Each structure stands twice: as C-alpha cells, then as structure tokens.
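Chains as they are written, first to last, in our numbering: chain A, 194 to 532; chain B, 194 to 532.
Take a look at the structure below.
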DNA sequence: ATGAAAGCGCTAACAC
DNA sequence: GTGTTAGCGCTTTCAT
C-alpha cells in the first residue's frame, strides 16, 4: 500500500472538471466561479492535496532551493551563519542545500558542480582556504547565475558580498593586546590569498604601526589549510616559541586557528597568558569555559547569514539582470572576559 | 544573456536524431550503434550537457534527496553526524536537506511537512526533546514512507534505528565517578520521554546500585528543553547545590547539558572537580581545552550518520516493502583526560 | 466560466 | 538501430 500523493487530475476526475479548471481554482483565478472554487478547494483539502514541487520546478525552471558552500558545518561560525540563512530562506519558501568544502579546492569544485546539477536557483559561498583558481565560480557567474559571497569574499567577481569589518576587528584585537602591554605580537593566519586573511593581517599591522612597532614577517605565520590540519598550527606555534626573541602574544585570525593555538600552547606547556597571551577570532560559545579566559573577536554570524540570503533572493527574484551590487560590511564585537 | 542548460532536444536537433535515440545513447543502451553513441556523447560533452534532475525526478517519482531533522546543527554531535550522513548520501548521488527543530515540537512538525512537500525520498530524524505526540511521524510511516531514527529513537514505530549503547555509556561514566570515590552522584538529563533519557538514566541507576547506592529521585533533574534554554540547566544545578546534603558529582546526559552544567557551576563559583565533579556525554572537540578537565562519553557520531544513511537508502531503494527492521547499537567511548 | 492542448526534460513501450 | 508517442504534474495559451 504505497502512498500516492493526490494530484490535480484526481480532483478533476472526482469533480468532473478539467485539470485546467482545477488548477485555476486552486490558484484562485478570477475566471472561475465562486461555486467551483469552493468545491475544488474543499475536495483538495479532503484529499490533503499539495502541489508537486517537482512538477512546478520543471514548469517554472526554478527549484526554489539555494545552495550553500562552507568549509565546515562543525564550526561555530558557519553553523550560526547557516541558522541565519535558513531562517530567511525557509520563511520565503526556499530549501537550503548545505555542502562542505573541507577547505579543499577539489572538493569545492566537485560540490559546486553537484549543486549546479541539482538545479539550485542561487549560491551562497564562503570559499575554501585552498581556492585560488576561480574558473568554476566565474563560469557560473558569467551565465548570470546568482551568487552571493559571504565571509570569504572574491573581489574579482562582481556580485553582492557580505562580510564583517575584518580590518577593524583585527585592529581592535591587536590594540587590545597592545594596551595590555604586549609588544612582540605574532599573527597566525589563514591562506594568504583569502580576503579575510589580507584584511585581518592589515588590521593587525595597522595596530602595531599605530604603536610605532614595525611588523616583522617572521611573526606572521600563514596556515594554508586554515587550521583544518592541526599540525599546521602546531608547527607555526612551535616555530614562534623557538624564536630567539619569542613573541609575548599571538593574534589568531579564525576560529579553528584560535583553538588550534590553544591546543598547541597547551601541548608545549606554555601558559596563557603567562607564557603567551592569545586573542583571536572565534564564534565558539564555549570560549568562556576554556581553561584560559581569552579575548575574542565575535562576528555577527547569524545576521551575516540573514543578510547574505536576503541579497541572494533579491538577485534570484529580480526580473531584470542586476547591475548594481552591494558589499555589506557588518561590525564585529570584541569579547573581553570579566576578570 | 541568461544561461539555458543544454537538453536532449538540443543534441537531437543538432545531430538530426530523435530525442529517444539520444536518450538511449546517453544511457549507453545496447540497441544503439557504436557510431551514434560516439557522436552523441561527443556532442553532449561539447555542449556540457547534464541531465536535468528535476525532469528525472518528475518521471521517476523520486527526488534523490533525503531529509534530516536534528534539534540543532550548532551542536558537535549533530554536525558530526551530518558529516557522516553527507558522506554516504553524496557518494550515492543523494542530496541531503537539513532542518532543525530547535527542540520545539511545533517546529518539528512544520519542518516535517515542509520536507514532505519538497518530496524527499526518505527521512533521518532525531526527534526533538519536546516530541511526545507522534502522529506526524506515524502518518508518514503508515504510507510506507522510509524513515530511519537515529540517536533519539521512537520505540513505537517499526523501522530501522541507530543509536549508541546509551545504557552502557551512562553506566561507564557513572562507574568512573564511583571509582574516583564520589558517592552522592546527581544526574541532569533531558526530557523524560526521550529514549536516550530513559536509557542513560537507567545506566546511571544501574551503576549506583552496583555500588549498593540507592538512587534518589531528588538527585535526578529533567530538563524539558534539553539544555536549549540555559536557565533550565542553571536552575537544576542550583537546586542540587542547595540541597542539605549536596551531591559531590554530576552526571550530565547530553552535550548541551554537560556544558550547561559547567556554565552553571562556574557562575555559582563551584570548582570542578573540587566542589563538584562533572562527567557527561559530549562530542565537543573543545573538551580538552576546558578550564576543568572532565571525563566525557563520546559517541561515534560520524559513524552513526553513516550507518543511519545506509539503512535509509536501503529502505528507499528496496524493490519490495521491507518488513524486517534492524536496530543498530554502536559503542560509545569514555574519554578520560590525562592527569 | 470552462475545456482542450501544448509543453517543461526525460524515459520507455511500442512501432518499423 | 532508430523513430513515434505518451506520460510524469502542472500551468497557460487558445478556443468555445
């Protein structure tokens, strides 16, 4: 007894009407008599009729689904962003299809092809830390396919973008360390070609210079896999520790890097902040429970998801090709633990 | 210049063939000459042809997508489970549509209706802590709609189920506390009607009794929202602390509850484990970085997702109605911090 | 006010 | 070996 959903045809036959009449009645067309509408609506309800979204998609050439690509769901920042995305998308009747790149370029390309083949109407993406080649994205974009970048932006591609003021966030965090008296501040960051890396490192450097300190290349460590691979972070931290004049503080530019540094410092038995101060970007809600109370830059992740989705739906539902694009910059917050 | 994906028709016209010939050639049917196949395949490649999944879905009456409902994505256990789900589903060509109930019964029902209306082929669900009424699930299940329960199981509904040995996990955790000399062990747990609650509380009680200790109702606190609402946990902890003979240890039965207890104890300025020992279920990867090194029960979340998905796809792809159902029980692991 | 028919992209039963 | 046709569920001209 396999279930078969009721169709327009079922209603039409039962009522001795044509499918087109039923269709029109269901959509409350003005050219259908009130009596017929009433009849159809009642029967539809009794059959628990629901239009088949697949048939609709085929007809209308859109699926009312959007794709999301992030590096990892299991990352507070992204899971919070996804909550924001879902809240807006679902409210507007869109399904969200989430995929992960796991910071791999190949996985990102494959995933993108997959999403495209599932005929999504638009894409929200925060590119992987390994993404330098942009052909996969440019190809889609050139066809007029709606894309919105969030968090990790691609400057080259003209479309809507949403991010936090990364420069300011990094500047504030570094300033905070400086105000506490730290002077040799290292920076552990992501791939050099990511927008967030450039912007955050620039903020870090600006803060140092504001205090008349020359940024030293030896104190800036790039992690190509963005902390996805712990050894990468551990190595960076260990190199810093072993410097003749070792730094007295580390500024980490992402969630995974911040916790990665904590792990590495713990393993190396360096106390925080005694042996080394630590500050970094993080949206983890466990921050306050960590063994060292660290100051973090918190991003409005939920809001970022909402804004990005609103912009994407705007793109998708626009009648005419959109030519003017926005870059929305949100503010981050410096979370200082109570002493 | 809006992009229009190539269709079989395009290929057929370009090559002067019929659509059915092209369709057959593409599917490598034996009744098509090698020459024609070659021709079609090449042209398809040059047009970057990809079959339209929506048209396929309409034809085959399945969408090759599965729905997942969990309480919260932003929860290590569930995000890891989802990774397992995606790994299997994507490999088999299925899309995963994730939805969250946020521990709300209404949201779960709405979400389920929504997924059903998006014509998913099957459902993986860990019910919300507020779910007592099962009509929404039973209705679907009676139609023969494929459902697999994981983590939070519904005993009443006959289908495949995947979970950890909750009794054993709770037993081990409680035993661990007993072996360390704690005697008045409290338990902070989820809604009483969840399977995981019943099983974990039973394991806790069994361990106590094994040590000749009478379980005391006053020491078992149920949190209806599963820790989604922090005050709920804080209240429970505060009540325990204020008891004339206050407990010396707490066993928390879920991720959110474990970290919730830590928060509450911290706020109440009770040291862990000095003032109160704490053990609980948790899949957070930040456990080792917490201010108190606590022992946790870790579930094989990724594997649980994989197994659940395999079982679901088995159900979906089975030719004949499946009558025999499996309940797969995985083993958890007790993670004891190094001293 | 209602119906017939075409078409969205694809497959498959049925010709030839 | 290849073409014709019908049909999946729905909307939408175009008739009547």
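Just so you know, even glycine gets a beta-carbon here, dropped at the ideal spot from N, CA and C.
Being a predicted model, the structure only gives us computed values, none of them experimental.
Problem set entry | residue 494 of chain A versus residue 268 of chain B: straight-line alpha-carbon distance, rounded | 15 Å
Problem set entry | Spatial distance of residue 299 of chain B from residue 449 of chain B (CA atoms) | Roughly 21 Å between the two C-alpha positions.
For this session: Could you say if the region 462-480 of chain B and the region 495-505 of chain B meet the contact criterion of at least three C-beta pairs nearer than 8 Å?
Result: No: the two stretches stay apart, fewer than three of their Cβ pairs being nearer than 8 Å.
Problem set entry | Burial state of residue 194 of chain B, where buried means 16 or more other Cβ atoms lie within 10 Å | In this prediction, residue 194 of chain B has a pLDDT of 39, which is less than 50 and means its spatial position is unreliable; what the coordinates show is noted afterwards. When all chains shown are included, residue 194 of chain B counts as exposed.
For this session: Determine the burial state of residue 222 of chain A: buried for a count of at least 16 other Cβ atoms within 10 Å of its Cβ, exposed for fewer.
Result: It is exposed - the Cβ of residue 222 of chain A has fewer than 16 other Cβ atoms within 10 Å.
For this session: Let me know if residue 281 of chain A comes out buried or exposed under the rule of 16 or more other beta-carbons within 10 Å of its beta-carbon.
Result: buried
For this session: Go ahead and pull the three-state DSSP assignment for residue 343 of chain B.
Result: In the structure shown, residue 343 of chain B sits in a strand (DSSP, three-state: E or B).
Problem set entry | CB contact below 8 Å: residue 276 of chain A versus chain B | Interface flag for residue 276 of chain A against chain B is set, since a Cβ pair is found closer than 8 Å.
For this session: Can you check the region 254-337 of chain A for any alpha helix (DSSP H) of at least 4 residues that lies completely inside it and give the ranges in chain order?
Result: Within the region 254-337 of chain A, the complete alpha helix (DSSP H) runs of at least 4 residues are 269-284, 298-310, 328-335.
Problem set entry | Cα-Cα separation between residue 409 of chain B and residue 394 of chain B, rounded to whole angstroms | Cα atoms of residue 409 of chain B and residue 394 of chain B: separation of roughly 12 Å, rounded to the nearest angstrom.
Exercise. Can you tell me the Cα-Cα spacing of residue 288 of chain A and residue 198 of chain A, whole angstroms?
Worked result: 20 Å
Problem set entry | Residue environment, residue 233 of chain A, which counts as buried when at least 16 other CB atoms sit within 10 Å | buried
Problem set entry | C-beta neighbour in chain A for residue 327 of chain B, strict 8 Å | No, residue 327 of chain B does not count as interfacial toward chain A.
Exercise. According to the neighbour-count rule (16 or more other Cβ atoms, all chains shown, within 10 Å of its Cβ), is residue 308 of chain B buried or exposed?
Worked result: buried
For this session: Mind listing, in chain order, the continuous beta strand (DSSP E) runs of no fewer than 3 residues lying wholly within the region 429-470 of chain B?
Result: 442-445
Problem set entry | At least 3 beta-carbon pairs within less than 8 Å: the region 205-219 of chain A vs the region 258-275 of chain A | no
Exercise. For the candidate residues B:352, B:258, B:311, B:242, whose alpha-carbon lies nearest to that of residue 519 of chain B?
Worked result: Among B:352, B:258, B:311, B:242, the Cα nearest to that of residue 519 of chain B belongs to B:352.
For this session: For residue 178 of chain B, collect the residues of the same chain with a Cβ closer than 6 Å to its Cβ; drop the 5 residues on either side in sequence, then sort them by chain order.
Result: The question about residue 178 of chain B has no answer here: the residues shown for chain B are numbered 194 through 532.
Problem set entry | Selection from A:366, A:456, A:438, A:343 that minimises the alpha carbon distance to residue 357 of chain A | A:343
Problem set entry | Partners in chain B for residue 524 of chain A, counting only beta-carbon separations shorter than 8 Å | Under the 8 Å cutoff, chain B gives no residues; its nearest Cβ is about 22 Å from residue 524 of chain A.
Exercise. Candidates B:486, B:482, B:478: which alpha carbon is nearest residue 465 of chain B's?
Worked result: B:486
Exercise. If you draw a straight line from the C-alpha of residue 439 of chain A to the C-alpha of residue 411 of chain A, how long is it?
Worked result: 10 Å
For this session: Report buried or exposed for residue 369 of chain A, applying the criterion of at least 16 other Cβ atoms within 10 angstroms of its Cβ.
Result: Residue environment: residue 369 of chain A is assigned as buried (16 or more neighbouring CB atoms within 10 Å of its CB, all protein chains considered).
Problem set entry | residue 427 of chain A and residue 385 of chain A closer than 8 Å at C-beta | no
Exercise. Could you give the residue range of the beta strand (DSSP E) that holds residue 528 of chain A?
Worked result: Start and end: 526-528.
Exercise. If the cut is a Cβ gap below 7 Å, which residues of chain B does residue 288 of chain A touch?
Worked result: 290, 311
Exercise. In terms of alpha-carbon separation, which member of A:347, A:476, A:304 lies closest to residue 488 of chain A?
Worked result: It is A:476 whose Cα lies nearest to the Cα of residue 488 of chain A.
Exercise. Quick one: what does DSSP say residue 212 of chain A is sitting in, helix, strand or coil?
Worked result: helix
Exercise. So the alpha helix (DSSP H) residue 356 of chain B belongs to, where does it begin and stop?
Worked result: Element bounds for residue 356 of chain B: not the alpha helix (DSSP H) but the beta strand (DSSP E), 354-357.
Exercise. DSSP on residue 194 of chain B, reduced to helix/strand/coil?
Worked result: Only weak support is given to the placement of residue 194 of chain B: the predicted model assigns it a pLDDT of 39, under 50, and the question is left unresolved by the model.
For this session: Can you give me the Cβ contacts of residue 286 of chain B inside the same chain, cut-off strictly under 7 Å, excluding the 5 residues immediately before and after it?
Result: 257
Problem set entry | Rounded straight-line distance, which links the Cα of residue 382 of chain B to that of residue 446 of chain B | Cα-Cα distance, rounded: 5 Å.
Exercise. Where does residue 522 of chain B sit, in a helix, a strand or coil, going by DSSP?
Worked result: strand
Problem set entry | Alpha carbon of residue 331 of chain B to alpha carbon of residue 451 of chain A, nearest angstrom | 46 Å
For this session: Determine, using beta carbons only, whether residue 305 of chain A comes closer than 8 Å to chain B.
Result: no
Exercise. Would you say residue 452 of chain A reaches chain B, if we count a Cβ-Cβ gap shorter than 8 Å as a contact?
Worked result: Yes, residue 452 of chain A counts as interfacial toward chain B.
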